[in-house]
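**Student:** The sequence shown begins at 526 in my numbering and counts up by one.
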Amino acid sequence: MATVERITASIEKDLLQRFESYIAQQGYPTRSEAIKSLIRKALVEQEWQKGKDVAGAISLTYDHHKSGLLQKLTDTQHQFEKIIVCSQHVHLDHHNCMEVVMVRGKVTEIRKLLELLNAIKGIKHSTIMIGTVGKDVP
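#1: Straight-line CA distance for glutamine 550 to phenylalanine 544?
#2: Assuming the contact rule is C-beta atoms closer than 8 Å, methionine 623 and serine 584 should be a hit. Round their C-beta distance to whole Å, please.
#3: Just reading off the beta strand (DSSP E) that threonine 586 is part of, what are its end residues?
#4: Assuming the contact rule is C-beta atoms closer than 8 Å, arginine 629 and alanine 580 should be a hit. Round their C-beta distance to whole Å, please.
#5: Contact defined as beta carbons within less than 8 Å: I believe tyrosine 587 pairs with glycine 647. What is the distance between those atoms, to the nearest angstrom?
#6: Roughly how many whole angstroms lie between the Cα atoms of alanine 559 and arginine 636?
#7: What would DSSP say about valine 658, mapped onto helix, strand or coil?
#8: Quick check on the DSSP output: what are the complete alpha helix (DSSP H) runs of length 4 or more inside the segment 584 to 626, in order along the chain?
#9: Among the candidates Glu606, His590 and Thr599, whose CA atom is the shortest distance from the CA of leucine 617?
#10: May I ask you to report which of helix, strand or coil DSSP gives serine 651?
#11: Could you check what DSSP says for arginine 531 in three-state terms: helix, strand or coil?
#12: CB glycine 641 to CB valine 626, shorter than 9 Å?
This is the structure in structure tokens:
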């Protein structure tokens, strides 16, 4: 088990009150857990900025009736088979689908995949959830 270090921080009263409200809204049991979560988030963002081996999920929403969209989506994903771990396709309604593509690899490759997916005509929305492979984030 990791050694725990105790720290002290000086924070303006109004900032602390807002943080306490945030902690309650997010359901953290303690300030320490909230602070650790925010630190880990910052470390994951730093991994992405440095271009390390990372993980994430690309979410796409699209109208599957759009001519040629499914073929382009499949062709694009096949170009990146080395970084795509898996994908999940969900039918939202008669016209709209969501696909979540789990990825792991270099940031540059993941961002290139996202750019190409975004460029496919018929994609209504896309977003990426950045994650970590866990090596550099305790």
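Each residue gets a CB set at the ideal place from its N, CA and C atoms; glycine is no exception.
This structure is a prediction, so every number in the text was calculated from the model and none was measured.
**Tutor:** Taking the geometry as given:
#1: 10 Å
#2: 7 Å
#3: It spans 578 to 588 - the beta strand (DSSP E) in which threonine 586 sits, taken as one unbroken run.
#4: Rounded, the Cβ-Cβ distance is 4 Å, consistent with contact.
#5: Tyrosine 587 to glycine 647, Cβ: 5 Å. Contact.
#6: Here the alpha carbon of alanine 559 sits roughly 29 Å from the alpha carbon of arginine 636.
#7: Here valine 658 sits in coil by DSSP.
#8: Qualifying alpha helix (DSSP H) stretches, in chain order: 594 to 604.
#9: Leucine 617 has its Cα closest to that of His590, out of Glu606, His590 and Thr599.
#10: strand
#11: coil
#12: As written in the sequence, residue 641 is leucine, which differs from the glycine given in the question. Cβ distance not < 9 Å, so leucine 641 and valine 626 don't count as in contact.
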